[in-house]
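Residue numbering for the sequence shown follows this note's numbering, starting at 586 and increasing by one per position. For reference, the structure discussed in these notes is given below.
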Amino acid sequence: MKIAESIITDALRYYFFPKKGARSGFAFLVHPRDLSDVHKVIPVSKFLPDKVLRFLLRRFFAFTVGKIKANHSENIVITIPLTGQEMLRHETLAIRMIRKAFVLAQRRGVKMVGLGAYTSSVTKGGEALADLKEKGVCITTGNTLTALISFRHLKLFLKSADKHVKISDLVCAVIGATGSVGRGFMELAVDEPEFSELILVGRTPERLQKLKKELEERGLLGKKKITITNFIPDIVRADVVFVATSARSMIIKPEYIKENGVIYDVTQPRNVPKEITEARPDIAVIDGGVIETPDIDYPNIFGLEPHFAFACLAETLMLSLSNIDREFLGLVSKKDIDLISSLLDEQNFKLAPFMSFGKKML
Ligand SMILES: NC(=O)c1ccc[n+]([C@@H]2O[C@H](COP(=O)([O-])OP(=O)(O)OC[C@H]3O[C@@H](n4cnc5c(N)ncnc54)[C@H](OP(=O)(O)O)[C@@H]3O)[C@@H](O)[C@H]2O)c1
């Protein structure tokens, strides 16, 4: 896709000629994970010193970076020009840019807007966009499908990996349990008979207290042993660690992981350093939150194999294909998981092969 052409089309739609008539298709909002993603989209940016490039990106604007053919509609990918780190460091600027990207999506005539990676976290699961919403437009964080397929994918791995033989009586840690994806995964894990104990990890004590109170009120604390903590090294007892935080840094250290432990990481940008597998060859790190959608082609910006998508994008696509006029915002709920699960059954989507830092496992 020619970026200059696309920026001109965006500007015309945004400022002068918003698309009129019936809405169709979806827009998916993304951001570069790091500067290497920027280099892929704007190759000339390679020649700029990182500091200068970051400075320029903070003064740039959201634009359409690719198209996705599906459902006979124009589906577009709009990028915010800030990297994951910059979005968390300059949150007010990031929110301003995401809001403009959202308005651009609406003016390009889409019906559904999906919030990829940190565009969901930073807007508090889409809350910061509610006042801009035009009639007939729905927003999804894409987090429900992410939680659902991650849970299924991890369970399949535990069944098929003979190195990690133990498949029952497991201790499962959820890092980011007070967040949207983490909550969805927790809702499934709490009902999983193979998990005898859950360690729920968050960052903010008040949010952890709120989670504890809610679990108490729902009578879930008696169902299995549940530990709630903001001390990440507490995961050292866990056989399985699900990672879903919006932390800026590599918060998972080799010494926190139990012998032969399994880490399922959905974070983008990642919280689990690649070096962990060198320091600890006994553990398995699974690249999570990816799904195969055999009939769909994606622009070459996500760093995935053809026909593979991050689950948050796949959820946006699926809602659009299924013509669902409903929002999926905030923390993932069990009710939303059930609905997304029934929609998933109607699609030709498949769990991805197991990969670790981009390389095939098993
Ligand atoms: N693969 C995919 O398709 C896909 C789809 C969706 C999301 N994701 C990724 O999943 C991750 C979570 O997304 P989300 O929308 O669920 O985010 P979210 O709702 O903002 O939740 C983030 C969670 O991380 C915790 N956290 C943040 N910084 C932390 C730190 N330094 N140490 C420990 N915990 C920390 C937060 O704790 P507090 O509650 O205290 O703030 C919260 O529990 C992101 O990396 C996102 O890019 C991937």
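In this text, a Cβ means the ideal position worked out from N, Cα and C, and glycines have one as well.
Give me the Cβ distance between A690 and I665, rounded to the nearest whole Å; I'm assuming they're in contact under 8 Å. Rounded, the Cβ-Cβ distance is 12 Å, inconsistent with contact.
Would you call the CB atoms of I760 and V821 closer than 7 Å? no
Can you tell me which of the three DSSP states A686 falls into? helix
If you pair each beta-carbon of the region 724-734 with each one of the region 891-907, do three or more pairs fall below 8 Å? yes
In terms of residues, what are the limits of the alpha helix (DSSP H) holding T729? N728 to S745
Can you say whether S706 is buried or exposed, counting buried as having 16 or more other CB atoms within 10 angstroms of its CB? buried
Fully enclosed by the region 620-682, which alpha helix (DSSP H) runs are 4 residues long or longer? 620-626, 635-643 and 669-674
Under a three-way DSSP split, which group does V826 fall into? strand
Residues sharing a beta bridge with D872, DSSP: D850
For a test of the three-state rule: what should DSSP assign to M903, helix, strand or coil? helix
Taking the alpha-carbon positions, what's the A686 to K945 distance? 35 Å
Quick check on F602: buried or exposed, where buried means 16 or more other Cβ atoms within 10 Å of its Cβ? exposed
On the three-state DSSP scale, how would you describe G699? strand
Out of V826, L773, D824 and T763, state which residue places its alpha-carbon closest to the alpha-carbon of K797. T763
C-alpha gap between P839 and S753, whole angstroms: 24 Å
Sort out for me which residues DSSP pairs E877 with in a bridge. F893 and K935
Three-state secondary structure (DSSP) at F816? coil
Verify whether the separation of the beta carbon atoms of R693 and R618 is less than 7 Å. no
Going by DSSP in three states, K605 sits in which element: helix, strand or coil? coil
Less than 7 Å between the C-beta atoms of G669 and Y703, yes or no? yes
T871 to G846 span [Cα, whole Å]: Per the sequence shown, the amino acid found at residue 871 is Ile instead of Thr. The alpha-carbon atoms of I871 and G846 are separated by roughly 11 Å.
Residue environment, R639, which counts as buried when at least 16 other CB atoms sit within 10 Å: buried
Spatial neighbours of L914 in its chain, beta-carbon cut-off 8 Å, leaving aside the 5 residues before and after: G710, G711, E712, I724, T725 and T726
For H738, which residues from the same chain have a beta carbon less than 6 Å from its beta carbon, with the 5 sequence-adjacent residues on both sides left out? L936
Cβ pair count under 8 Å reaching 3, the region 854-861 against the region 765-782: no
Just how far apart, CA to CA, sit F934 and I588? 30 Å
8 Å contact criterion, which A832 and I784 should meet: CB distance rounded: The Cβ separation is near 17 Å, so there is no contact.
Give me the Cα-Cα distance between I683 and H624, rounded to the nearest whole angstrom. 21 Å
Burial state of L948 (16 or more Cβ within 10 Å): This structure does not reach residue 948, given that the chain is present from 586 up to 947, and the question cannot be answered.
Rounded to the nearest angstrom, how far is the Cβ of D850 from that of G873, given a contact under 8 Å? 5 Å
When you measure from the CB of S765 to every non-hydrogen atom of ligand 1, does any distance come out below 6 Å? yes
Spatially closest choice to R803 from T830, I593, K919 and A894, by CA coordinates: K919
Alpha carbon of L678 to alpha carbon of E912, nearest angstrom: 25 Å
DSSP beta-bridge partners for V786? I760 and T814
Helix, strand or coil at S753 according to DSSP, with G and I counted as helix: coil
For ligand 1, I want to know if F770 counts as a neighbour, meaning its beta carbon is within less than 6 Å of at least one of the ligand's heavy atoms. no
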